[in-house]
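Residue numbers (numbering that gives the first Met the number 0), protein chains in the order written: chain A, 0 to 237; chain B, 0 to 224.
Contents: one structure, followed by commentary.
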Amino acid sequence: MDVTVGVDFDSVQLVDVSRHFGRRRALANISLTAGAGDIVGLLGPNGAGKSTLITLLATLAAPSKGEVRYGGQPASRLGPALRTRIGLLAHELHLYPELSARQNLVFFAELYGLDPRGLVDAALESAGLTDRADDAVNGFSRGMRQRLALERALLHRPRLVLFDEPFTGLDDHAVGLIADRLRALAAAGAIVVLATHDLDLADGLVTRVALIRNGRLISDEPAAPGLRARYRAQVGAH
Amino acid sequence: MFFRTAWLVLRKDIAIEAKSFEVLTTTLFFAVACVLIFAFAFVKEGRPVEDAAAGILWIAIAFSGTLALGRTFERERYGETLRALLLAPAPRAALYVGKLLGMLALLAIAEALLAPMVALMFQAALFSRPLLLVGLLAGGTLGFCAVGTLFAAMLVRARSRDVLLPILLYPIIIPVIIAGVRGTAALLSTPPDDATAIMWLGILGAFDTVFLTLSLWTFEPLMTE
């Protein structure tokens with residue numbers, strides 16, 4: 000089954016989105032649009048609401064107010080098929096440590112209705128784990144796990160690729176590999192949303208910058224040199 | 000897609016358990032320890048306290064089942080894999096059914112050990128009506144797991160999940176445990192009271208239908224944070 004057939008979209012739009020957890024306001028009146036080829040950097044200090052925004056975009060939570068639209072349509076109208084076009088890589092890797100790299104990929108491929116033959120071998124090769132394919136993930140280094148998690152998140156060729164602090168704990172080589180992959184995804188027409196507070200990494204990688212503080216979007220503009228200075232001016236010291 | 004997803008989740012859980020035997024061994028160890036402790040308390044000079052066996056069997060099932068629920072979902076918490084499952088383009092209720100089937104299989108194994116053990120240690124004629132016993136165990140276990148799986152999934156990200164799970168679960172499943180105990184006690188009377196056991200089996204069936212329907216209905220909204 001080709002999961003790319005069916006639901007597809009070339010933009011994602013947050014329309015006046017707010018999200019509350021009990022009395023705590025995590026996001027307030029966020030409006031933001033991202034299109035195919037964009038790498039949107041969600042920047043802000045810890046607790047700003049970046050991860051909540053990623054969670055809403057991933058359909059793992061619903062907004063308390065407002066709407067998230069995928070190609071102009073709300074998630075509720077598109078149903079579970081929408082999730083065939085969304086991929087998420089977070090700091091937590093979404094892998095089963097007891098299973099081997101191959102077993103993890105086969106499980107998630109089948110869960111997405113994909114034929115794992117060929118696809119899984121290609122993903123293992125792309126992660127540089129072909130010779131460790133049948134080893135349990137709990138024996139892998141952080142970098143190996145992250146590469147595997149990246150392939151897992153991209154197995155179904157998502158249109159909307161969400162990264163939530165994907166570079167935490169990685170060495171420069173691993174960071175470079177993921178950044179290159181991220182650029183390639185955007186070049187291929189994916190909508191990439193990257194939540195991070197690593198300004199050095201975001202500078203030169205993202206094509207648009209959305210600054211968030213205390214759950215509010217304080218700026219949304221094309222990326223330009225001098226990101227750290229603008230961040231300091233708008234968000235505070237970093 | 001629904002049943003295929005449920006099967007994939009069940010198969011994945013079996014594959015993990017086959018590698019570690021972690022949940023199975025801790026559940027069985029706890030269940031056996033529970034029955035042994037009761038045996039020391041309620042069997043004096045080789046004679047068990049009358050009518051204790053049914054209650055002890057169901058307490059052992061409920062306690063070991065609670066432990067298994069916590070451990071099974073602890074796996075999904077590590078690495079936040081439950082979120083990855085929820086991201087899959089399948090009906091989210093299918094994920095619930097997959098986890099539920101895994102719990103049912105686990106408790107079936109525990110009960111296959113517990114029932115003969117209770118029968119032996121408490122000199123209880125549990126197997127005088129084997130089909131009714133299997134029906135009561137299946138009905139009670141389904142009701143327990145239907146609610147337990149829902150609550151355990153809901154509490155995956157809660158800090159006090161180990162404390163909250165029994166606090167939330169036991170008040171809801173008390174009718175199931177009572178029906179199981181009374182039905183099993185009817186089988187242990189002399190002669191076995193088939194009519195009463197069948198009545199409790201019917202009540203269990205009604206509870207199961209309600210709990211399963213509500214759980215399937217509420218799983219998706221409850222899991223969408």
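We treat Cβ as the ideally placed atom computed from N, Cα and C, and that holds for glycine.
C-beta contact flag for residue i and residue j at 7 Å
i, j, result
"V8 (chain B)", "L141 (chain B)", "no"
"I29 (chain A)", "A185 (chain A)", "no"
"L169 (chain A)", "G142 (chain A)", "yes"
"V239 (chain A)", "E66 (chain A)", "In this structure chain A extends from 0 to 237, so residue 239 (chain A) is not present and cannot be described."
"R24 (chain A)", "P62 (chain A)", "no"
"A100 (chain A)", "L154 (chain A)", "no"
"V208 (chain A)", "A222 (chain A)", "yes"
"A225 (chain B)", "S63 (chain B)", "No statement about residue 225 (chain B) is possible, as the shown extent of chain B runs from 0 to 224 and does not include it."
"A30 (chain B)", "L135 (chain B)", "no"
"R10 (chain B)", "L59 (chain A)", "no"
"P165 (chain A)", "G86 (chain A)", "no"
"A148 (chain A)", "L94 (chain A)", "yes"
"A27 (chain A)", "I190 (chain A)", "no"
"I211 (chain A)", "G78 (chain A)", "no"
"L68 (chain B)", "A151 (chain B)", "yes"
"L226 (chain A)", "I53 (chain A)", "no"
"V34 (chain B)", "M116 (chain B)", "yes"
Chain A contact residues for residue i, given Cβ-Cβ distances below 9 Å
i, result
"L43 (chain B)", "In the sequence under discussion, the amino acid at residue 43 (chain B) is Lys, which differs from the Leu named in the question. Here the premise fails: no neighbours, minimum Cβ distance about 45 Å."
"L7 (chain B)", "F106, E109, L110"
Residue from the options whose Cα sits closest to the Cα of residue i
i, options, result
"L105 (chain B)", "B:T148, B:M116, B:V117", "B:T148"
"P260 (chain B)", "B:L125, B:I202, B:G45, B:F29", "With chain B covering only 0 through 224, there is no way to say anything about residue 260 (chain B)."
"T80 (chain B)", "B:W199, B:V175, B:A5, B:R156", "B:R156"
"L84 (chain B)", "A:L110, A:L31, A:E91", "A:L110"
"L42 (chain A)", "A:A35, A:S50, A:G36", "A:S50"
"L163 (chain B)", "B:E44, B:L215, B:L66", "B:L66"
"A51 (chain B)", "B:L136, B:A137, B:A118, B:P170", "B:A118"
"E44 (chain B)", "B:R181, B:T223, B:F121, B:G54", "B:F121"
"A228 (chain A)", "A:L31, A:L198, A:G5", "A:L198"
"A89 (chain A)", "A:R146, A:R215, A:D120", "A:R146"
"Q72 (chain A)", "A:A126, A:D9, A:N45", "A:D9"
"W6 (chain B)", "B:A92, B:S127, B:A205", "B:A92"
"D171 (chain A)", "A:L161, A:L200, A:L193", "A:L200"
"N45 (chain A)", "A:R231, A:S218, A:H196", "A:H196"
"R181 (chain B)", "B:I13, B:V42, B:L168, B:G54", "B:G54"
Per-residue contacts from residue i into chain D (C-beta, under 9 Å)
i, result
"R82 (chain A)", "Annotation note: the requested chain D is absent from the structure, which comprises protein chains A and B."
Contacts that residue i makes with chain B (C-beta to C-beta distance below 8 Å)
i, result
"P96 (chain A)", "Y77, G78"
"A89 (chain A)", "E79, R82"
Residue i classed as buried or exposed, judged by whether at least 16 other C-beta atoms fall within 10 angstroms
i, result
"S140 (chain A)", "exposed"
"I60 (chain B)", "buried"
"M0 (chain B)", "exposed"
"I166 (chain B)", "exposed"
"K64 (chain A)", "exposed"
"A40 (chain B)", "exposed"
"E220 (chain A)", "exposed"
"S75 (chain A)", "exposed"
"I173 (chain B)", "exposed"
"W216 (chain B)", "exposed"
"E16 (chain B)", "buried"
"A196 (chain B)", "buried"
Under 7 Å from the C-beta of residue i: neighbouring residues of chain A
i, result
"R82 (chain B)", "L59, H93"
"S19 (chain B)", "E97"
"T4 (chain B)", "L110"
Helix, strand or coil at residue i according to DSSP, with G and I counted as helix
i, result
"G142 (chain B)", "helix"
"T167 (chain A)", "coil"
"E10 (chain A)", "A small correction: the amino acid at residue 10 (chain A) is Ser; Glu does not occupy that position in the sequence shown. DSSP places S10 (chain A) in strand when its eight states are reduced to three."
"F139 (chain A)", "coil"
"F210 (chain B)", "helix"
"E220 (chain A)", "strand"
"L42 (chain A)", "strand"
"R82 (chain A)", "helix"
"H19 (chain A)", "strand"
"P47 (chain B)", "strand"
"P174 (chain B)", "helix"
"V2 (chain A)", "Residue confidence for V2 (chain A) is low, a pLDDT of 45 falling below 50, so the modelled location carries little weight; the figure read from the coordinates is stated next. If DSSP states are grouped into helix, strand and coil, V2 (chain A) belongs with coil."
"E97 (chain A)", "coil"
"V72 (chain A)", "Correcting the residue type first, residue 72 (chain A) is Gln in the shown sequence and not Val. Here Q72 (chain A) sits in strand by DSSP."
"E79 (chain B)", "helix"
"T189 (chain B)", "coil"
"N28 (chain A)", "strand"
"L92 (chain A)", "coil"
"A209 (chain A)", "strand"
Per-residue contacts from residue i into chain B (C-beta, under 9 Å)
i, result
"P79 (chain A)", "M0, A87, P88, A89, P90, R91"
Contact list for residue i against chain B, beta-carbon separation under 7 Å
i, result
"I85 (chain A)", "L86"
"Q102 (chain A)", "A14"
Proximal residues of chain A, C-beta to C-beta of residue i below 8 Å
i, result
"T26 (chain B)", "Correct list: empty, because the minimum Cβ distance to chain A is about 17 Å."
"T223 (chain B)", "T58, L59, A60, A61"
"K98 (chain B)", "Within chain A, no residue comes near K98 (chain B); the closest Cβ sits about 14 Å away, beyond 8 Å."
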